[in-house]
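If you read the sequences in order, they're chains A, B, C and D.
Counting in the working numbering, the final residue of the first sequence is number 913, and the numbers go up one at a time with none missing.
Counting in the working numbering, the final residue of the second sequence is number 109, and the numbers go up one at a time with none missing.
Counting in the working numbering, the final residue of the third sequence is number 152, and the numbers go up one at a time with none missing.
Counting in the working numbering, the final residue of the fourth sequence is number 1473, and the numbers go up one at a time with none missing.
Positions of the beta carbon are idealized from the N, C-alpha and C atoms, including for glycine.
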Amino acid sequence: MSHGSIIKVPFGPQHPALKEPENFLFEVDGEIVVDVKPRLGYNHRGIEKAFELRTYIQNIYLAERICGICSDAHTTCYTQAIEELLNVEPPPRARYIRVIIAELERIHSHALWVGIAAHEIGFDTLFMYVWRDRETVLDLFEMISGNRIHYAMNTIGGVRRDIHAAMVPKIKKGLDFLEDRLEYYLNVVQTEQTILKRTAGVGVLKPKDAVNLCAVGPTLRASGIKNDVREDDPYAAYDEVPLNVITHEGCDVLSRILVRCEEMLESIKIIRYALDGMPEGIIRVRVPMKVPEGEVVSRVEAPRGELIHYAKSNGTTKPERYKVRSPTLGNIPALCKMLLGGYVADIPIVLAGIDPCFACMDRMAFVDIKKNKEWIWTMQQLRRKYAKK
Amino acid sequence: MAFLKEALKQLLRRPATLKYPYEKLTVPKDFRGRPIWDMKKCIGCALCFNVCPSGAIEMIGKGLEAEINHYVDRCMFCGQCAEICPENAIRMSEEYELADFDRSKMLHEYKKHS
Amino acid sequence: MEKENEIVEKLKDFLKENLVNVTIPKKRRIFVYIKKDALEEAMEYLVKDLKFKHLSTITGVDLGKEIEVIYHLSYKGSIMLSARLAVSKKNPNIPTITYIIPGAILYEREVHDLLGVKFEGHPDLSPLILPEKWPKGVYPLRKEHQLKHLKEMTSEKRGERN
Amino acid sequence: MDLDHAAVKEEVRKKMTGETIVSMIRILVFPGALFLFVLAFFYEWVDRKFFARLQNRYGPLHTGPHGILQPIADFFKLLSKEDITPHASDKLMFILTPIFYFALPLTTLFVIPILSQTSLVAFEGDLIFVIFAFTLIIITVFLAGWSSINRFSTIGSIRAMLQMLSYEIPMGLATVGPAIVTGSLSISSIVKWQSHNFWLILLQPLGFAVFTICLLAELQFVPFDIPEAETEIVAGWRTEFSGRKLALLRLGKDLELVLASALITSLYLGGPQQFWLIPPIVAFLVKTTFAVMLLSLLRAVFARFRIDQMLSGMWKYLLPLATLQIILIQAGLGG
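This is the structure in structure tokens:
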């Protein structure tokens, strides 16, 4: 390959294909991608340092705001970790409610992703349809938890709001509507020629690479490896709920779409089972403010993959160290492998293939400024200057 | 061409979007909107001030004479203050249209005797 | 719990004295403390023979004088083994394990950025998360840096103030 | 007999000015520029509303009744915005290309019969002029992208040229189809021929399909909007344009939409016809609105192709179809 024709194409941090700031420097030979260098950290807010400054109750809402789409996964993982440190057992009804909320969030997160993937390949009409149908899930969330995205359902020792008997028929009606819409989209994705042309055989990740590069979640399951935290390391009420893990052998973007669509249908079945089988009883137990010394690793299957929280407490009301590793960081090495050898035109769809959530992935340090010309007010100065007027 | 049939079917259906300023969605029952303090019930225990994760509540004075300054631009509507208040003096209202051009309007002051 | 005990037995007779202590707090969780110089062979053994193929992440914890680096490995997604080792702050050098598990490439860079642990042999230890103009030698997650102090220090780097 | 030169010159001048004023009005106002601007804005509104309704949403609403003034509002808003010329760009080309991009479709529209069955400028061979104008438009697109020295617009402009190479030939064949049948290369006479016989869409449906697909590629609508693929190369060749230049580019694209739909109407749908009392222009407007809605429908139903898929698709499928249509005409089937 003649070296002369290699040009460097920056992708991000501001780019229509990336919904959040991230920078990938591509070396492109003609239309073929030769090398990828990820440069992360544009969305870094210092959450791990901030964890150490707040009490355990306040940290629930900090954990929730690590990511705007998979917020429940983070709070479930956080509250589980602290409950294990306190060795407190949430009541059975709370564990079932956690499963229901987690699966509803999986549907809303995957539906959001199918819309974005359609937008990446220029299919805006499908994007509009999928996001219109996703509104049913968000309305259900608003009814159950009072808020569309940050449901704040989990607290240490159980759940803050109950799913009353009056809500169950509404939820079931919403799920029935969603089920036949999702079946229709599954059919569209497999038959619509223009989608197949842009996704089949694109962004291939062979199973061996997926394991070596420690990929997680649907990206791993689309390469044929059956690995899901809900089944392997069950938490909340997943040991009492029937679950079948969906895998596809296609190893390309199309099989990732199929895995996520079928996972949504699977989630609907889980929610129906959990709604019927939910035991009666209290939904939370009282917990002390101070957490005894100890350390714990807590794992959850977030919509994008295996999410790990490591907590270390020192007996006070504030954690000693709190580490969050979100699924997207696990998939970035696999993403770089997929991009090599592909077309420039395929970058957005392959990049969207792992359903990147950069808000999750960056959790540290301050809002940094690329260009030195701008000046910036810090939050405190702004409040002091205006709030006092 | 299956998608063509679906697209043409949409022409007959009413659009799913909303003419926002003129048509508004009704918010469900216990929606977490802006928290409102009922100063008659408030005993100035400062529990809400301490628990607020984003520091949106400011206490002036102590005990029964305490007054509350609530910064809506800092508040994230988590409802933790309403939950922890021993006197149930804080209620999460249904208000969600809180944007404004002037930041001083973001400050809601709750006086004791007003 | 028998699978966990079996793994611990195998690890004990492989590492012998390098294995300082082992705790099994609950089902599917093993915490292991190993010596620094036994890291590479322990990793090799864990990944190749005991089939801990998936490295979930690497955590760095600041213990005051030492920095503790914890490797979270998982066996077929279920059993989670956390192998930890401590390294002094004066010469925080640890051999890289990217040649055993390629997936560790970003985790090591993150720990290097935030806690200043140098991974010898790592292909590219350039800053992954911190901005270019970040002052050298300042590792935000270390206990000695308070949030206020870090903000003042980096604010001069942001050019003229308001 | 000695003519009174002054009187003759006076006579000629009066007649000449009378005639020039009439033709000036016809060029500049009614079936000419002003009318076409209004038509361009109207069709952009039709396209946006219909496209929105296909996607189950309202589309522009609040500017004028049913948002009909939205395109005009966008145009004037853009005019008021800052007009940045990149430092490293080729200044002259950067300024000229938007003007060309806007002027080309406008002048080509004079060749198409709108008011009556003969256009403003009708000459034998204006069909060839239209095809040539389409190629010129794409060359302006290439120069626009190339002159704004920016990585994304360079890639965009190269893609525009590649795309042109692939659809020019099938489009040429598809426009030649009607010319062969009517025996003339002037659009006005093709329109006259169709008013006596059937519309050509009934006689040459295959040619109509090929022609519409190529127009989609010409207008850079979704299946073929590869030169300005929003998610891949930001705004493709239009990335660096802003303010007045972008306003001109958008107006140029609207005029191109009018040109495309006017071509479909006059070549395949019979153009402006006199249905007992209704003046021909109403028929023209109805048919072109239908053509715009057809293009909008096709835009809503496809995902975007990759450039190599588009090239191979055009050469492997569209070109044989276009030649098949010509063969059918020669075999006497086309009318």
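Inter-residue distance for A/E666 and A/P742 is about 27 angstroms (C-alpha atoms, whole angstroms).
Nearest CB-CB separation between A/Y653 and chain D: below the 9 angstroms threshold. At least 9 angstroms separates the CB of C/L1 from every CB of chain A. Counting other Cβ atoms within 10 Å of its Cβ, D/E1262 stays below 16 and is therefore classed as exposed. Annotated as distal: B/C73 and B/C43, with beta-carbon spacing of 9 angstroms or more.
A/L586 reaches chain B at P48, counting residues in chain order whose Cβ is nearer than 8 angstroms.
Remark: fewer than three beta-carbon pairs, one from each stretch, lie closer than 8 angstroms, so the stretch 558 to 575 of chain A and the stretch 802 to 817 of chain A are not flagged as touching.
Annotated as proximal: A/L699 and A/I792, with beta-carbon spacing under 9 angstroms. Put simply, of D/I1222, D/I1165, D/L1253 and D/E1220 the residue whose alpha carbon is nearest the alpha carbon of D/P1410 is D/L1253. Within the same chain, Cβ atoms closer than 8 angstroms to the Cβ of A/N671 are found at F665, the five residues on either side in sequence being excluded. When C-alpha distances from D/W1375 are compared across D/A1144, D/L1199 and D/S1285, the shortest belongs to D/S1285. Distance from C/V128 to C/V107 at the Cβ level is roughly 14 angstroms; contact not present, criterion being Cβ atoms closer than 8 angstroms. Put simply, the CB of C/H62 is near chain A, with a gap under 9 angstroms to one of its CB atoms. Along the stretch 1269 to 1297 of chain D, the positions whose C-beta sits under 8 angstroms from a C-beta of chain A are R1289 and I1293, read in chain order. The Cβ of A/Y708 sits closer than 9 angstroms to at least one Cβ of chain B.
Against chain B, the beta carbon of A/V712 has neighbours under 7 angstroms at A(-3) and F(-2), listed in chain order. Between A/G592 and A/H674, the CB-CB gap stays under 9 angstroms. Separation of A/N768 and A/P843 (C-alpha to C-alpha, rounded to the nearest whole angstrom) is 36 angstroms. In the three-state reduction of the DSSP assignment, A/L577 falls in the coil class.
For the options A/D776, A/A618, A/L564 and A/V712, the alpha carbon positioned closest to that of C/E122 is the one of A/L564. At least one C-beta of chain D is nearer than 9 angstroms to the C-beta of B/L3. Of all residues in the stretch 806 to 834 of chain A, the ones placed with a Cβ closer than 7 angstroms to any Cβ belonging to chain C are V821, R823, E830, I832 and Y834, in chain order.
Taking CB atoms only, B/E92 has no neighbour in chain A less than 9 angstroms away. From the beta-carbon of B/T12, the residues of chain D found nearer than 8 angstroms are N1194, R1195 and Y1196.
Between A/A690 and chain C, the shortest Cβ-Cβ separation is not below 9 angstroms. Between the beta-carbon of D/A1260 and that of D/S1218 there is about 39 angstroms, and that puts the pair past the 8 angstroms contact cut. Boundaries of the alpha helix (DSSP H) around D/A1145: H1143 to L1166. For A/I581, the chain B residues whose Cβ falls inside 9 angstroms of its Cβ are V46, P48, Q75 and I79, in order along the chain. Under the 9 angstroms criterion on CB atoms, D/A1421 is classed as non-interfacial with respect to chain B.
By the C-beta criterion, the stretch 1235 to 1250 of chain D is judged to be in contact with the stretch 1267 to 1281 of chain D, since at least 3 inter-stretch pairs fall below 8 angstroms.
Per DSSP, C/F109 lies in no alpha helix (DSSP H) segment; the continuous beta strand (DSSP E) that holds it begins and ends at K108 to E110.
Counting the other Cβ atoms within 10 Å of the Cβ of A/P614 gives 16 or more, which makes it buried.
At least 9 angstroms separates the CB of B/D95 from every CB of chain A. Chain-order list of chain A residues neighbouring D/I1445: A869, by C-beta distance under 7 angstroms. A/I530 is a Cβ neighbour of A/V558, given a cutoff of 9 angstroms. The beta-carbon distance between A/I832 and A/A858, rounded to whole angstroms, is 17 angstroms. This is too long to meet the 8 angstroms contact definition.
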